[in-house]
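Let me begin by presenting the structure, written as structure tokens, before commenting on it.
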Amino acid sequence: MDLKLTAEELAFRNEVRAWLEANIPTDWSEWREKPLDESFPYLRAWQRKLYEGGWAAVSWPTEYGGRGATLMQQSIFWEEMARVNAPPMANALGLGLIGPTIIAYGTNSQKERHIPKILSAEEIWCQGFSEPNAGSDLASLQTEARLDGDHYVVNGQKVWTSYGWVGDWCELVVRTDTTVSKHKGLTVLLVDMKSPGVEVRPLRQMTGESEFNEIFFRDVRVPVENVLGKVDDGWNVAVSTLMHERGAYGARLVLTFKSNINRLIELSRTVLRNGRPAAQDPIIRQKLAQCFAEVEIMRVNQLRAFSHISATGIPGPEGSIQKLFWSELNQRIQQLAQEMLGPYGQLLAGDPHAVERGTWSYGYLRSRGNTIEAGTSEIQRNIIGHFVLGLPRSY
Amino acid sequence: MEFGLNESQEILKESARKFFAGECPMAEVRRLTETDTAFDAHLWAKLAEQGYTGIIFPEDTGGAGLGIVELALLMEEAGRALLPGPFFSTVALAGSVLLAVADAAQRRDYLSAISRGEARATVAFLEASASWDPADVQITAVKGKLKGEKLFVPDAAVADWIIAVAKNGVFLVDPKSGGVRITPMRSMDLTRKLYTVQFDNVPAEKLGEVSGISKAFDVAAVALAAEMVGGMQRTLDLTVEYAKTRKQFGKPIGIFQAVQHQCADMYLETESARSAVYYAAWGLQENTFDAASSVSIAKMYASDASRTVGNRGIQVHGGMGFTWENDLHLYYRRAKASETAFGDPTFHRERLAHLVIEAGAASA
């Protein structure tokens, strides 16, 4: 056990730091408040710049335009990005989830066709997994693909698709065999979102925005060469994407949480509660300390998970608790912000009395989705119970 | 950066686990809980033979010269086995205080005797106020003599030396000298006995200043938190095993999500406490900038977690979990005692709040 950075890690950090210092845009603070559809071209341009510097996907192998960075280097990279308040990259799902799945399962021509455009943000990717009747029980999905000559014909509906509104391509899970058990008849297709018969509709969520979409497929023709992995082996391909979803993403979330708890501590110095700064209220102090401690534990759990994966090559037991941990913690952090703000906590962006332009009222509502998206807390507990502790499957 | 254990740390942990399983199985733990002191001289000699009684002491005092991470790993395994007796009091607590405040000659004399297994020691700190703040200590040494009463002193009846923290310094007392009265306190944890110690003008040797004990108490807090992690792990293991074998409605109860989710939460709490403890142990060892806040995080989280893990474990065991015969209550009792020792979660949250709000440790 040695938590100091190695000479190699230090060199990597210095390289990232130097590049960012020279290239970080100075006007992000003006753009970050704008709706995502307005700022999206800005984020695309930023990703393009990172791509040209070779920083768009540090974790990917070098032959695919990455740097083959270790998990620890990835974590250093995101830490440096957070240190300078760098804007996010536009093609988040393409870089984080779908690109790695294509690298693992794709044919050479699929890799050549898609990987460079994922990196450069020329083509944005979305993920077509959940359906109205297939949420936690994803494998029961019904969107159907029927073989017709050298094309699949896709019919069905997807829901909760992030980036659907701006997606050029979609990693779509479909049913190709209805006669076998539900996990066996699935296939993953790479679908051009400009194909005739694809209709994207906004899905308005409880925050009032539409981060997600519903996508309807009506007789959409997808060439057979766009099958990712093997036909009827889509479950394994999809699970590989989900693993990425629950894995490296955590490293970036730690930084967001760290920044949120530090903002909350700052806020406690100025916001008044019972006539004095909240920071002097013993109950608020207890709760701030509890949240600060749990963010630290989330960070340390992540470091331990990284070491475990680096040593064994497989995500360790530590990894499976992260999703459960962060989603419930964020709800507690947001509730604490509400408690500190009292009646001001409910004020939305645009109200002249709103604190910090309504970010905490938004955060409170948005965090309600955290224990549902990317695998509900119930499903995470089932996974730990069955796959980690070896308890019998409950369903 | 490497968070995993290195090879010698793995070996230490593995061999400690085997040692405790062989030398201190549950039947032996049960036997010792029924005794007045929970101390067994034969077992103590074996702990010394393994080098455990000198684990963190410098080699020139006969110790193994290992670090706080190694101490935490050993305590974790001791906690898993529910090792009764004065190991924590002597090595992690009194040993750390001696290391932190005593002069070179005192360290050599006292630590080498502890390393060889020839002496045991404890620390008398709390008074009637039950405050962990050294500023609240009332007892004072006058002309080299101590007078007053300490409460909640662990393992005092089997200690060869009692280290008393007074207003004007840290003092070492030989309990066999006249004027020391040791009385058992009837308390929940049957494996670590507590005592009141009354000093009536007892000659006391000054070891050093009170300001030196904070680092030593941080080591003790992390050692105790590590012991709690071992206890949680054992509670989790027993509970998962029970959920797989106990049948109701014709099925193992572990198939029901209400039971499974309790186990999943026990796992999350155990692993998170373990991460926090290892990180704090490393921070203390390396004197990192966030060592103090990490200790508070580890102690508060492990204290809350070991209580809730105990609650969940007993709940899953149903009626069986509420019996004297089942081992879970022995862990549950110790968890409660350890929760309050060296600052309960409320104490450590306030300490952490002070560190991050007033002292600016938050930006890390």
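Residue numbers (numbering that gives the first Met the number 0), protein chains in the order written: chain W, 0 to 394; chain E, 0 to 363. Glycine is no exception: its CB is placed at the ideal position from the N, C-alpha and C atoms.
Taking a contact to mean a Cβ-Cβ separation below 8 Å, would you say residue i touches residue j in this structure?
| i | j | result |
| --- | --- | --- |
| V164(E) | V209(E) | yes |
| V169(E) | V100(E) | yes |
| G317(E) | A334(E) | no |
| Y343(W) | H352(W) | yes |
| M25(E) | D326(E) | yes |
| G3(E) | M71(W) | no |
| Y181(W) | S135(W) | Here the sequence assigns Lys to residue 181(W), which means Tyr is not the residue at that position. Contact flag unset, no. |
| L354(E) | S292(E) | yes |
| A280(E) | V68(E) | yes |
| F198(E) | L145(E) | yes |
| L171(E) | A203(E) | yes |
| A336(E) | D188(E) | yes |
| G233(W) | T186(W) | yes |
| P404(W) | I254(E) | Since the first and last residues shown for chain W are 0 and 394, residue 404(W) lies out of range. |
| I55(E) | L42(E) | no |
| A297(E) | A224(E) | yes |
| I114(W) | W124(W) | no |
Taking the alpha carbon of residue i as the reference point, which residue from the options has its own alpha carbon closest?
| i | options | result |
| --- | --- | --- |
| S130(E) | G359(E), L351(E), A340(E) and V355(E) | A340(E) |
| I162(E) | F18(E), V28(E), I212(E) and R350(E) | I212(E) |
| E270(E) | T311(W), M71(W), A68(W) and Q321(W) | Q321(W) |
| D108(E) | R311(E), L206(E), E349(E) and L73(E) | L206(E) |
| A63(E) | A77(E), A47(E) and A134(E) | A47(E) |
| G228(W) | H113(W), V270(W), I101(W) and G163(W) | I101(W) |
| S161(W) | R284(W), L96(W) and N107(W) | L96(W) |
| W92(W) | K110(W), E62(W) and G163(W) | The sequence shown places Leu at residue 92(W), not Trp. For L92(W), the nearest C-alpha among the options comes from G163(W). |
| E130(W) | V179(W), K3(W) and N212(W) | N212(W) |
| P222(W) | N259(W), R262(W) and D147(W) | D147(W) |
| A77(E) | S295(E), D217(E), E13(E) and V179(E) | E13(E) |
| M205(W) | W159(W), E224(W) and L189(W) | W159(W) |
| R200(W) | Q156(W), M242(W), V238(W) and V173(W) | Q156(W) |
| D102(E) | D132(E), T60(E), F86(E) and K17(E) | T60(E) |
| E7(W) | K214(E), M0(E), L11(E) and R311(E) | M0(E) |
| V238(W) | T61(W), L137(W) and S376(W) | L137(W) |
| E224(W) | T106(W), L4(W), T61(W) and E372(W) | T106(W) |
Grab the span of the alpha helix (DSSP H) containing residue i for me, first residue to last.
| i | result |
| --- | --- |
| M448(W) | For chain W, the structure presents residues 0 to 394; residue 448(W) sits outside this window and is missing. |
| C290(W) | P281 to T311 |
| V294(E) | A290 to H316 |
| F416(E) | Because residue 416(E) is not part of the residues shown, which for chain E are 0 to 363, the question remains open. |
| V221(E) | I212 to T244 |
| I113(E) | A103 to S114 |
| F256(W) | Y248 to T269 |
| F372(E) | With chain E running from 0 to 363 in the structure shown, residue 372(E) is simply not present. |
| G127(W) | Segment W124 to G127 is the beta strand (DSSP E) holding G127(W); no alpha helix (DSSP H) there. |
| D30(E) | It should be pointed out that residue 30(E) corresponds to Arg in this sequence rather than to Asp. First-last of the alpha helix (DSSP H) with R30(E): M25 to T32. |
| V96(E) | G94 to V100 |
| S274(E) | Q256 to E285 |
| R392(W) | First-last for R392(W): undefined, no H or E at that position. |
Could you spell out the range, first to last residue, of the beta strand (DSSP E) harbouring residue i?
| i | result |
| --- | --- |
| K183(W) | Run containing K183(W): none; DSSP gives neither H nor E here. |
| L184(E) | In the sequence under discussion, the amino acid at residue 184(E) is Met, which differs from the Leu named in the question. Note, M184(E): beta strand (DSSP E), V179 to M184. |
| A144(W) | E143 to D147 |
| L202(W) | V197 to L202 |
| A120(E) | A120 to A123 |
| D36(W) | Where D36(W) is concerned, there is no enclosing beta strand (DSSP E), although the alpha helix (DSSP H) it sits in stretches over L35 to E51. |
| E213(W) | F211 to P222 |
The region 295-309 of chain E: which residues have C-beta closer than 7 Å to a C-beta of chain W, in chain order? Those would be I296, M299 and Y300, in chain order.
Residues, ordered as in the chain, of the region 28-57 of chain W that lie near chain E by beta-carbon distance below 9 Å: Under the 9 Å Cβ criterion, the region 28-57 of chain W contributes no residue.
Can at least three beta-carbon pairs, one atom from the region 248-267 of chain W and one from the region 293-303 of chain W, be found at a separation below 8 Å? Contact holds: three or more Cβ-Cβ distances are below 8 Å.
Would you call the region 342-361 of chain E and the region 281-299 of chain W touching, i.e. three or more CB-CB distances under 8 Å? Three or more Cβ pairs closer than 8 Å define a contact, and the region 342-361 of chain E meets that threshold against the region 281-299 of chain W.
Contacting positions in the region 241-252 of chain E - beta carbon closer than 7 Å to chain W: If you check each beta-carbon in the region 241-252 of chain E against every beta-carbon of chain W, the ones closer than 7 Å belong to A242, K243 and P251.
Taking only beta carbons into account, state which residues of the region 73-100 of chain E come closer than 9 Å to chain W, listed in chain order. Of all residues in the region 73-100 of chain E, none has a Cβ within less than 9 Å of some Cβ in chain W.
Are at least three pairs of beta-carbons, each pair with one atom in the region 259-266 of chain E and one in the region 111-122 of chain E, less than 8 Å apart? Flag = no, the region 259-266 of chain E and the region 111-122 of chain E do not touch.
Residues of the region 271-303 of chain W in Cβ contact with chain E at a cutoff of 7 Å, in chain order, please. From the region 271-303 of chain W, only A278, R284, Q285, L287, A288, Q289, F291, A292, E295, I296, V299, N300, L302 and R303 have a Cβ closer than 7 Å to chain E.
Please identify, using Cβ separations under 9 Å, the residues of the region 195-217 of chain W that lie next to chain E, in order along the chain. Per Cβ criterion, the list is empty.
Just by C-beta distance, which residues in the region 7-21 of chain W are closer than 9 Å to chain E? Taking 9 Å as the Cβ-Cβ cut-off against chain E, the residues of the region 7-21 of chain W that qualify are E8.
Take every Cβ of the region 362-377 of chain W, pair it with every Cβ of the region 234-248 of chain E, and state whether three or more of those distances are shorter than 8 Å. Segments in contact, no.
Say whether the region 281-289 of chain E touches the region 229-244 of chain E, bearing in mind that this needs 3 or more beta-carbon pairs closer than 8 Å, one atom from each stretch. Flag = no, the region 281-289 of chain E and the region 229-244 of chain E do not touch.
Do the region 17-31 of chain W and the region 76-90 of chain W make contact, defined as three or more Cβ pairs closer than 8 Å? Between the region 17-31 of chain W and the region 76-90 of chain W, the count of Cβ pairs shorter than 8 Å is three or higher; the stretches touch.
Scan the region 127-138 of chain W for residues whose Cβ lies nearer than 7 Å to a Cβ of chain E and list them as they occur along the chain. So nothing in the stretch comes that close.
What residues in the region 59-79 of chain W bring their beta carbon closer than 8 Å to a beta carbon of chain E? Going along the region 59-79 of chain W in chain order, one finds M71 with a Cβ nearer than 8 Å to chain E.
Residues, ordered as in the chain, of the region 320-353 of chain E that lie near chain W by beta-carbon distance below 7 Å: Only T345, R348, E349, L351 and A352 from the region 320-353 of chain E bring a Cβ to less than 7 Å from some Cβ of chain W.
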